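Numbering (our numbering), first residue to last: 317 to 411.
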């Protein structure tokens, strides 16, 4: 048993469903948009990846944070963070 609420961020190799099963009743889950995809895919493809992650993570009992699976790729185009913001605004508001 641990005290407090933690935010877990795993890479895309750990499916959100698994993260929620293991930690979701106690902690916040974050992630897990694939960092190489953020760098190489188009703006619209990144929005779609974010949407898929939101749809998978939104039912976590303690909450979900949309973010890269590890870190934001340093060579990603500046429009890519905007894809996260746009996806969060469009798909991340839910009850």
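Idealized CB from N, CA, C, for every residue including glycine. If you're wondering where the values come from, they're calculated on a predicted model, not measured in any experiment.
To the nearest angstrom, how far is it from the Cα of residue i to the Cα of residue j?
{"i": "residue 350", "j": "residue 357", "result": "10 Å"}
{"i": "residue 368", "j": "residue 335", "result": "15 Å"}
{"i": "residue 392", "j": "residue 401", "result": "15 Å"}
{"i": "residue 404", "j": "residue 365", "result": "11 Å"}
{"i": "residue 389", "j": "residue 407", "result": "23 Å"}
{"i": "residue 342", "j": "residue 409", "result": "22 Å"}
{"i": "residue 324", "j": "residue 371", "result": "17 Å"}
{"i": "residue 321", "j": "residue 376", "result": "13 Å"}
{"i": "residue 318", "j": "residue 397", "result": "33 Å"}
{"i": "residue 382", "j": "residue 332", "result": "11 Å"}
What distance in whole Å lies between the Cβ atoms of residue j and residue i, which are believed to be in contact at a cut-off of 8 Å?
{"i": "residue 378", "j": "residue 340", "result": "6 Å"}
Can you list, in chain order, the residues of its chain whose CB lies under 6 Å from that of residue i, leaving out five sequence neighbours each side?
{"i": "residue 415", "result": "Any question about residue 415 goes unanswered here, given that the chain covers just 317 to 411."}
{"i": "residue 380", "result": "345, 373 and 374"}
Tell me, which residues are paired with residue i by DSSP?
{"i": "residue 383", "result": "348"}
{"i": "residue 325", "result": "346"}
Under 7 Å Cβ to Cβ from residue i, same chain only, skipping five residues before and after it: list those, please.
{"i": "residue 385", "result": "326, 327, 328, 347, 348, 349, 350 and 351"}
{"i": "residue 355", "result": "389, 391 and 392"}
What does a CB cutoff of less than 8 Å around residue i pick up in its chain, not counting 5 residues either side in sequence?
{"i": "residue 395", "result": "359"}
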